[in-house]
Amino acid sequence: MLLGILGSGSGSNMQAILDAIDAGTLDARIALVLSDNPQAFILERARRRGIDTGIIDCRGFRTKFPEEAQQETAERLLAAGVDLVCLAGFLRLVKRPLLDAFPQRILNIHPALLPAFPGLEAWKQALDAGVPETGATVHFVDEGMDTGPVILQQRVPVLPGDTAESLHARIQIAEHRLYPEAIARVAAGPAHGGA
Ligand code: GRF
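Mind the numbering: the sequence shown is residues 7 to 201 in this note's numbering, read in order.
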């Protein structure tokens, strides 16, 4: 199973995927890591492991993922032989033509129990809402924002005195366990809850 990773930030989820591969609990290889942010630490982590990297040129748009950039991204992932695309802290909305190039083959990790708290800074949304628990979700990506079919979820308690930072850190621990397991399920096919 060849993976392509898209990320905009630190890449701790990609690191968790690499750790699971190293530990033998995930039978996969990361073929390519692409980022819309040339400074993102995810690129540095990938380079240190000798993984091919590239920059997604979003034509100066701050949040939009323009169609030409989606097309280029799809072409690069296909050329690298990628079977499954994993969004790992990627901050732009994936649409056509990238979705069409990988039908039911793009996964995302979200720091809340979807459908609760879609969108940005979901841990902060949970804290502001005063809920007693939140969590993490791995789901297939569709046209919506954090709306695709759920693959796996894990609950995380909100503790008294939590700050946005402490809650996000607890959610990330759950994410790092969840993402490799969800990828393994998808790789195993529909009988195991995968695609
Ligand atoms: C994670 O919390 C993920 O759920 C969200 O962005 C964060 C990315 O963290 N979409 P990292 O770059 O994997 O460390």
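No residue lacks a Cβ here, since even glycine has one placed at the ideal position from N, Cα and C.
Return helix, strand or coil for residue i, following the three-state DSSP convention.
i	result
ALA122	coil
ALA80	helix
ASN114	strand
ASP152	coil
ARG206	Absent from the model: residue 206. The displayed extent of the chain is 7 to 201, so no value can be given.
ALA273	As displayed, the chain neither begins before 7 nor continues past 201, which places residue 273 out of reach and without an answer.
ALA86	coil
LYS130	helix
MET7	coil
LEU99	coil
LEU24	helix
May I ask whether a heavy atom of the ligand GRF can be found less than 7 Å away from the beta carbon of residue i?
i	result
SER18	yes
GLU187	no
GLN160	no
ILE48	yes
PRO44	no
GLY94	Note that residue 94 is Ala in the sequence shown here, rather than Gly. Answer for ALA94: yes, Cβ within range of the ligand GRF.
ILE115	yes
GLY56	no
GLN178	yes
GLU127	no
GLY154	no
GLY10	no
GLY13	yes
GLU171	no
GLU73	no
GLU181	yes
Considering just the uninterrupted stretch of the beta strand (DSSP E) at residue i, what are its terminal residues?
i	result
PHE146	139–146
GLN45	GLN45 -> no beta strand (DSSP E), and no H or E assigned at all.
ILE61	58–61
Starting from residue i and walking both ways along the alpha helix (DSSP H), at which residues does that stretch end?
i	result
VAL192	170–194
ASP106	104–107
Who pairs with residue i in a beta bridge, going by DSSP?
i	result
LEU93	LEU12, ASN114
LEU158	VAL144
PRO163	GLU139
Following a CB-centred definition, is residue i positioned closer than 7 Å to any heavy atom of the ligand ATP?
i	result
GLY150	Ligands in the displayed structure: the ligand GRF; the ligand ATP is not one of them.
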